[in-house]
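Below you'll find the structure, written out as structure tokens, and then a few comments.
Chains as they are written, first to last, in the working numbering: chain A, 1 to 367; chain B, 1 to 129.
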């Protein structure tokens, strides 16, 4: 039996194609995932992300607990409402999950973790709490739903749907969050566009969804979410990273604080072992579609695609790939697709951010 | 969407249509494109290639997945629909209009052995459960 979000009936009424996503019955698309993708880049779309788990980390020891639990440093969060992206590592530096932590005050944090890893994350947090004897409570909030509204017009349309929320959220900067009654607004997302991720009581989710539809926000499924995050150069847990790699090997060095004297779980392992590989973007120079696990040949040896797809914005195929150290952006590479080696080029990512293409001079070279 | 009565079908979701000149036109069904979603890449067999019934001879890829195309019957490829190279979405827009390739059958009796519309309908319904 698949788990259902509070918006399941809403998706059915919209004729969504529902799929099993890590044990959850989730909408893949509502007709055309490419149209949903473009709508988010150009206007506003919304995603049901209620399968993700919000956790409240509260108490006298909350900051101390998170300081040692996470690879990024929660001491960077000085201003109430500020959010931080971080990996949570095991003792050997492998990634247990990636998450966002919102700082409300030094005794109150909100953490959002991935759906498929939620149970594992909770068990890990409880074991770490016991290890540190921290005065902290960790409360999973399965009573909440989450709707991500994304796109250049997203915030304006949220305020059209919820006019009374504007005083509380109008001045929120990127990567900040605010509470408005029982609603929690984060100016965060997984698409490379502006917008809000709104966490709210489950019973109120269908009403907000309808209000957003009425305000001109289009429903978008996990299919579009995947191509949007790939263009935005954002890793997907379980695909671009897992417990067998460290953040330094999947393009997330910027999220690891190794400078401060602070200790954290996995730090010793990261300092002891230099990264075995690196992440780079790839663009395919012929027609075809890059996919996860395809083999990549570079002048420094072989690597593997971790996420690949067709990019609706660029109209070519793009990928994230784990490649040998020493490979630079802008080099020629080859990708094995079925029985053929096709030409590709390594690039820096993100590929697209805030509606703008960041990879130049490509599509003209494709026959 | 109803399944056209004048076509034959495979259990791998290709359709085949017998033409007046004796050739057989091949495409993928509406049901197949619906399962795949937005198509972004089509690879047809090379002109002149001689195919055996059931042989892998092409690929259609959507944003989400790749699916092999199998020859519904044996024969030589005498035409391919080049429009699909730059506009694979035509298959989403009309799966029974956007043909993929044409075969000159080497054993025309194979066509009769394929599923008819009613048989294919049953297959689609069985897969839904």
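Glycine included, every Cβ here is placed at the ideal spot set by N, Cα and C.
Closest by C-alpha distance to residue 149 of chain A, out of A:130, A:210, A:243, A:31, is A:210. Excluding sequence positions up to five before and after residue 206 of chain A, its CB lies within less than 8 Å of the CB of 6, 7, 9, 10, all in the same chain and listed in chain order. For a cut-off of 8 Å, the C-beta gap from residue 84 of chain A to residue 265 of chain A is around 16 Å, too long to register as a contact. For residue 300 of chain A, the closest C-alpha among the options A:334, A:307, A:287, A:289 is that of A:334.
With its beta carbon less than 8 Å from one in chain A, residue 41 of chain B belongs to the interface. From the beta-carbon of residue 305 of chain A, no residue of chain B is found nearer than 8 Å; the closest lies around 13 Å away. Its chain contains 17, 19, 221, 222, 223 as the residues whose beta carbon lies nearer than 6 Å to that of residue 28 of chain A, once the 5 sequence neighbours on both sides are disregarded; these appear in chain order. Straight through space, the alpha carbons of residue 130 of chain A and residue 58 of chain A are spaced by roughly 15 Å. Taking every protein chain shown into account, the CB of residue 244 of chain A has fewer than 16 other CB atoms within 10 angstroms, so this residue is exposed.
If you check the CB distance, residue 225 of chain A and residue 47 of chain A come in under 8 Å. Proximity of residue 289 of chain A to chain B, defined by a Cβ-Cβ separation below 8 Å, is satisfied. Of the residues assessed, residue 214 of chain A falls on the exposed side of the cut-off, its CB having fewer than 16 other CB atoms within 10 angstroms. For residue 318 of chain A, the closest Cβ of chain B is not nearer than 8 Å. With its beta carbon at least 8 Å from every one in chain B, residue 278 of chain A lies outside the interface. The CB of residue 64 of chain B comes closer than 7 Å to the CB of 223 in chain A, given here in chain order. Residue 8 of chain B is classed as buried because its beta carbon has at least 16 other beta carbons within 10 Å across all chains shown. The segment 119 to 178 of chain A contains, as complete beta strand (DSSP E) runs of 3+ residues, the segments 137 to 140, 144 to 150 (chain order). Going by DSSP, residue 90 of chain B is part of the alpha helix (DSSP H) stretching over 90 to 93. Residues of the segment 213 to 238 of chain A that bring their beta carbon within less than 7 Å of a beta carbon in chain B comprise 223, 227, in sequence order. In the structure shown, the three-state DSSP call for residue 63 of chain A is helix. Residues of the same chain with a CB within less than 8 Å of the CB of residue 47 of chain B, apart from the 5 flanking positions on each side, are 77, 78, 79, 80 in chain order. The straight-line gap separating the alpha-carbon atoms of residue 324 of chain A and residue 275 of chain A is approximately 10 Å.
Collapsing the DSSP output to three states places residue 206 of chain A in a helix. Against chain A, a Cβ distance below 7 Å from residue 38 of chain B picks out 32, 33, 34.
DSSP lists B:17, B:102 as the beta-bridge partner residues of residue 25 of chain B. With a threshold of 8 Å between beta carbons, residue 11 of chain A makes no contact with chain B. Listed in chain order, the alpha helix (DSSP H) elements of length 4 or more contained wholly in the segment 15 to 73 of chain A are 33 to 42, 62 to 69. Residue 355 of chain A is positioned such that its CB atom lies no closer than 8 Å to that of residue 219 of chain A. Scanning A:304, A:314, A:217, A:172 for the CA closest to the CA of residue 80 of chain A turns up A:172. For the pair residue 73 of chain B and residue 105 of chain B, the CB atoms are nearer than the 8 Å cut-off.
For residue 38 of chain A, no CB of chain B lies under 8 Å from its own CB, so it is not counted at the interface with that chain. In the DSSP assignment, residue 278 of chain A forms a beta bridge with A:323. The shortest CA-to-CA distance from residue 82 of chain A to any of A:288, A:113, A:177 is the one to A:177.
Under the DSSP assignment, residue 229 of chain A falls in the alpha helix (DSSP H) whose first and last residues are 222 to 231.
Looking only at A:69, A:184, A:290, A:350, the smallest Cα-Cα distance to residue 341 of chain A is reached by A:290. With its beta carbon at least 8 Å from every one in chain B, residue 50 of chain A lies outside the interface.
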